[in-house]
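Residue numbers (this note's numbering), protein chains in the order written: chain W, 1 to 391; chain Y, 392 to 640; chain R, 641 to 753. The beta-carbon is built from N, C-alpha and C at its ideal position, and this holds for glycine as well. Here the structure is a predicted model, which means the values were calculated and not measured. Encoded as C-alpha cells, the structure appears first; notes follow it.
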Amino acid sequence: MRDVYAIGIGITSFTRLEYPLVEIACYPAMMAMKDCGVRAIDHVYVANMGGGRINHQTGLASAVVDSLSLTPAGAAGIENGPASGASAIREGFQAVASGMCDVVLVTGAERMREVNNLDATDFVATLSHPLAEYVYGVTLPSLAGLFTKLYMQKYGVTARHLAMVAVKNQNNALRNEFAHLHQKITVEGILDSPEAMTNNPFVAEPLRFFDCCPVSDGGACVILASKEVAKKTGKPMVRLAGVGQATDTHAVHERKEPTDLLAVRGAAKKCFQMAGFGPKDVNVAELHDAFTILEIVESEEAGFFPKGEGHLALERGETSLEGRLPINPSGGLKGRGHPVGATGIAQAYEIVLQLRGEAGERQVKEAKKGFTCNFGGFGNNVVCLAFERED
Amino acid sequence: MSVDLEKILRPIENPIPPFPAKHVTLASGEDMVIRQVTRDEIPDILVYVAPLLHVERDYYDVVAARLYGELLAYYRYRVQDEYVLVAQIDGEVAAVVNGRLLSPEVGMSYHTVALRRGLRIGAHSFAAKMEYHIDIMKQKEVLVVAESPIGFRRWMIEYKLEKRFDIPHELGGVPSWALTRELFDRARETLVVGRRPVPDKLLEKAKAGLLPPSDPPTPPEDLLAATRSRYDSTGTALMAQQWKQEGKV
Amino acid sequence: MEIYAYRCKKCGELHYPYRMVCKKCGENEHNEFDPVPLPKKGKLLTHTFVYNLPGDYNVAKLGLGIVELENGLRMTGQIRIPEPKAGMEVRGEVEEVRREAYDRYFGMVFYEA
Chain W
1 MRDVYAIGIG
11 ITSFTRLEYP
21 LVEIACYPAM
31 MAMKDCGVRA
41 IDHVYVANMG
51 GGRINHQTGL
61 ASAVVDSLSL
71 TPAGAAGIEN
81 GPASGASAIR
91 EGFQAVASGM
101 CDVVLVTGAE
111 RMREVNNLDA
121 TDFVATLSHP
131 LAEYVYGVTL
141 PSLAGLFTKL
151 YMQKYGVTAR
161 HLAMVAVKNQ
171 NNALRNEFAH
181 LHQKITVEGI
191 LDSPEAMTNN
201 PFVAEPLRFF
211 DCCPVSDGGA
221 CVILASKEVA
231 KKTGKPMVRL
241 AGVGQATDTH
251 AVHERKEPTD
261 LLAVRGAAKK
271 CFQMAGFGPK
281 DVNVAELHDA
291 FTILEIVESE
301 EAGFFPKGEG
311 HLALERGETS
321 LEGRLPINPS
331 GGLKGRGHPV
341 GATGIAQAYE
351 IVLQLRGEAG
361 ERQVKEAKKG
371 FTCNFGGFGN
381 NVVCLAFERE
391 D
Chain Y
392 MSVDLEKILR
402 PIENPIPPFP
412 AKHVTLASGE
422 DMVIRQVTRD
432 EIPDILVYVA
442 PLLHVERDYY
452 DVVAARLYGE
462 LLAYYRYRVQ
472 DEYVLVAQID
482 GEVAAVVNGR
492 LLSPEVGMSY
502 HTVALRRGLR
512 IGAHSFAAKM
522 EYHIDIMKQK
532 EVLVVAESPI
542 GFRRWMIEYK
552 LEKRFDIPHE
562 LGGVPSWALT
572 RELFDRARET
582 LVVGRRPVPD
592 KLLEKAKAGL
602 LPPSDPPTPP
612 EDLLAATRSR
622 YDSTGTALMA
632 QQWKQEGKV
Chain R
641 MEIYAYRCKK
651 CGELHYPYRM
661 VCKKCGENEH
671 NEFDPVPLPK
681 KGKLLTHTFV
691 YNLPGDYNVA
701 KLGLGIVELE
711 NGLRMTGQIR
721 IPEPKAGMEV
731 RGEVEEVRRE
741 AYDRYFGMVF
751 YEA
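Here you go:
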C-alpha cells in the first residue's frame, strides 16, 4: 500500500445555505483545488445522506463531477448515514493507496434546511431500525437520551458535564469563521440561572437543547494524492496515516453492553494499528459530538481516557483548547454545525488545517498527529481517521 | 373642528394595567429586560422593524409588514387597546411583541419578532406577553395564531393550545387557537420565567434608549442563488427574479 | 396481537429484531426461523421523554424506553408510565404507536406492572 497525503482542503460556511445541493458540494471542491493547485483529478467521491430524500437529487456524484468540469473522471456517491464523510475519505484512501488512482477529490455536502425542522428530524430518524425503533417514534436524540440516562447512572456523568462540553465547543466555534453558531454561552445561562429551563429545554430527557447539535447546511472537501503529487504542490506534507472502520448492531437495544460503543473502540483500534501510533501520541482530535454525551464517551472508547473517566478529564480541562489534548478545536458538531454528509470531511479539514499550522486563533501548539471519529447511525457504523505531519 | 374629528377617529382610552418589567438570564449569560414601551418610543422601534420587510425566510417579511402597521397604528392612535413590549439586552432591542384586548375577558395576541436568534428570546417574550394577558390583565383567554412553522411548534405544540376555529383571528382572518388560563397554569413553571423587580441599573440602561440590534436577520447575499434550486424553501427565488427583471439588483 | 422474535431452526438462538442470517451459527438463511411471540413482562432498563417529535405526532412529549424482557431479549418500546425508574417491572400491550398519513403502525407499549 502506498502512502496517501491530504494535499488540498476546502469548506463552506455551515449555516442555512440558499444554494442548490450540487453547488454546496462543488464550492469546497473548487476551494480545495485552488488550495493545492491540482486540477487533474482521477476520481471524485461525494458523501451525502439526504440528497435523494429531501433535496430531490439522486446521483449527486454525477452532478458534481460535471458541475466542476472534471468529466470524464469517475465519480461515485457514498451514503453511510452521518459517517458518509469519513467513509468517502476511506474509499478515496483505498483508491490512492492501492495505486489505482493518483489524485482523488473527496467532497461531502448536505442541505438539510431545504425542509422544515420536523421533516429534518424525521429524515435523520430513518437511520433507526424500521420495525424495532422507527415505528415507535424513535428519533436520534431519543436514542441519545436513552443512552445518556444509562451512562449517567453507571459512571456518574451529570448534566453539568454535558453543559461543560456544550460551552467548550460553542465557545471554540467563536474562533471558527465557518462555524454555524457564533454565540457565546455560559454554564450559568444554560444550567444554573432560574431561567435555564426555558433557555435550555429538554429535547429528549436528559438531553437538552444545548446538548444537541444544530441542523445545518454545508460542504467540505479534501483532496488525497500520492507522495509524488503531494511533493510537487509545495504544501506541508500531511499524511493520512490510518483508517479504521467497525460496525455494531442496528437496533440500539441489541448492543451487548448498552453503555459501550464497541464500534468506536474497534474502529479506533484498527485506525491506530494502521497508523503506527497510539492514543497517547495524538495532539488534537475531532470527535463526533452530535450530542454532548458522545464527545465524552468517544474520548474514552478511542483510548484517550479510561472507560468511565472521560468526564473527569473534561473537568480537569484536559480537552479544552489550552489543555493536553484539545478535542473539537473547531467547535465540533455542536458549534460548527452538522450537515450530515459533510461532517466527516469537515473533521478531516480541521485536522489537516491544524497539522499544517494554519488554524490561526484556534491553532493547537505543535500539532503533529491528529485523529477524527465519525459516528454513523447511533454507533452502529464508525469510521476513524488518523493524520500525521511528516515534515 | 379638527379636534372633534380627531376625537371621533381615535379609539376610546380604556385603562389597562401596566406591565411590570422583568429580567431573565439568557443562555449566553447575558441579562435581558422585558418592559412595556410608551407611544413616543415607537418610532425608534419602527426603524429596526423596517429592514426585515425583505427577509423572506421564516416569514419575517409578512410578520414585519404587519407589525409595522400595528405599531404605526398604535403610535397614531388608530387601534383600540393595544400594548407593545420590548426585550432589550444591554439596551439593544432583541425582540418586539404586541397584542391587544378584544374584550375585558379575551385578548388577541398579535406578533412576536425576535431580532436576535438562537437564545430562545422569542420564547421568553411570548411567555411574557401571555403572562401580561392572563396574570396581570386577568383575562380568561388569549387568541393566538402563527405565521411561521417555528411559531407553530413553539406555541401550538409546546403550550398545547386549544382550537377556536370558529373565531377568525385579526391576523389574516385564519382560524384561531386559544391559550386559556388553565393551559397557562399548567405551563407556568416551565415556560413563564423571569425575575422581578428588575435591578435599577439594568432598568435604567433599558429605559435610556432603544439601541439598534447588533445581529438582526438579513436577506441572503446572493439573491439569485435560490433561483438555481428546484425547490426554494425561502421563497427568495421569485422575488429575486422579479427584482432582476426590474433592474433593482 | 403479538410482536415476534425469531428462533434459528438450526441452533435455537433467539433474535429480535429479524435478521436474515443467524448471528450465532451463521448457518441458516432467510425463512429458516420460527416466529416466537415476545414475552410481555420485563424490567425497564432506561427511558427518555422526547419533546422534538416528527410531524406525524400530535403530542407534546413521548415516552420511550428500553426493556429487558423475561427471556433475556431486550426491546425498545413506548412507555406510558408517568414516573419511570430504572429497574421498574413493566408489562406490555401491543397498541397503535404511530400513524403516518393513512398508515397505522403497531408496537409494544409498556405500562407499570
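Counting the other CB atoms within 10 Å of its CB gives Arg113/W a total of 16 or more, which places it among the buried residues. Residue environment: Thr186/W is assigned as buried (16 or more neighbouring CB atoms within 10 Å of its CB, all protein chains considered). When DSSP states are grouped into helix, strand and coil, Pro603/Y belongs to the coil group. Taking C-beta atoms as the reference points, Val454/Y and Glu538/Y count as a pair closer than 8 Å. With the rule of 3 Cβ pairs closer than 8 Å, the region 510 to 530 of chain Y does not count as touching the region 92 to 109 of chain W. Burial check for Asp211/W: the Cβ neighbour count within 10 Å reaches 16 or more, so the residue is buried. Proximity of chain R to Ile541/Y at the Cβ level (cut-off 8 Å) is not reached, the minimal Cβ distance being about 12 Å. Each of Thr249/W, Val243/W and Glu195/W was checked against the Cα of Cys271/W, and the nearest Cα belongs to Val243/W. Taking Glu350/W as the centre and dropping the five residues before and after it, the same chain places the C-beta of Glu286 and Ser330 closer than 6 Å to its C-beta, in chain order. For Arg111/W, no alpha helix (DSSP H) segment is defined; the enclosing uninterrupted segment is the beta strand (DSSP E) at Val103 to Arg111. Between the region 130 to 144 of chain W and the region 702 to 722 of chain R there are three or more inter-stretch CB-CB distances shorter than 8 Å, so the stretches are counted as touching.
Taking Glu473/Y as the centre and dropping the five residues before and after it, the same chain places the C-beta of Glu461, Ala464, Tyr465, Asn489, Gly490, Arg491 and Tyr501 closer than 8 Å to its C-beta, in chain order.
Around the Cβ of Met1/W, a 10 Å sphere holds fewer than 16 other Cβ atoms; the residue is exposed.
At a beta-carbon threshold of 7 Å, the residues of chain R lying near Ile548/Y are Ala700, ordered along the chain. Secondary structure at Tyr742/R: coil, using DSSP grouped into helix, strand and coil. At least one beta carbon of chain W lies nearer than 8 Å to the beta carbon of His515/Y. Your pair Glu295/W and Val165/W checks out as a contact, with CB atoms roughly 5 Å apart and the cut at 8 Å. Taking 4 residues as the minimum length, the alpha helix (DSSP H) runs contained wholly in the region 527 to 598 of chain Y are 572 to 582, in order along the chain. If you ignore the 5 residues before and after Ile41/W, its C-beta comes within less than 6 Å of the C-beta of Leu70, Ala73, Val103 and Leu105, all in its own chain and listed in chain order. Distance from the CA atom of Ala597/Y to the CA atom of Thr581/Y, rounded to whole angstroms, is 26 Å. For Ile223/W, the number of other beta carbons within 10 angstroms of its own is at least 16, and it is reported as buried. Taking a C-beta cut-off of 9 Å against chain W, the contacting residues of the region 659 to 683 of chain R are Arg659 and Lys663, listed in chain order.
In this structure Met521/Y does not touch Ile480/Y by the C-beta definition: roughly 21 Å separates them, more than the 8 Å allowed. Proximity of chain W to Leu462/Y at the Cβ level (cut-off 7 Å) is not reached, the minimal Cβ distance being about 26 Å. With 16 or more other Cβ atoms inside 10 Å of its own Cβ, Met152/W counts as buried. Judged by DSSP secondary structure, Gln245/W falls outside any alpha helix (DSSP H) and instead within the beta strand (DSSP E) spanning Val238 to Thr247. In summary, Asn671/R is exposed, with fewer than 16 beta-carbon neighbours lying within 10 Å of its beta-carbon over all protein chains present. By the criterion of at least three beta-carbon pairs nearer than 8 Å, the region 85 to 100 of chain W is in contact with the region 338 to 355 of chain W. Short of 6 Å from the beta carbon of Ala628/Y, and not among the five residues preceding or following it, lie these beta carbons of its own chain, in chain order: Ala617 and Thr618. Asn711/R sits exposed, since fewer than 16 C-beta atoms from the chains shown fall within 10 Å of its C-beta. Only residues of its own chain outside the window of five on either side were considered, and among them Pro677, Leu678 and Val734 have a CB closer than 8 Å to the CB of Glu642/R, listed in chain order.
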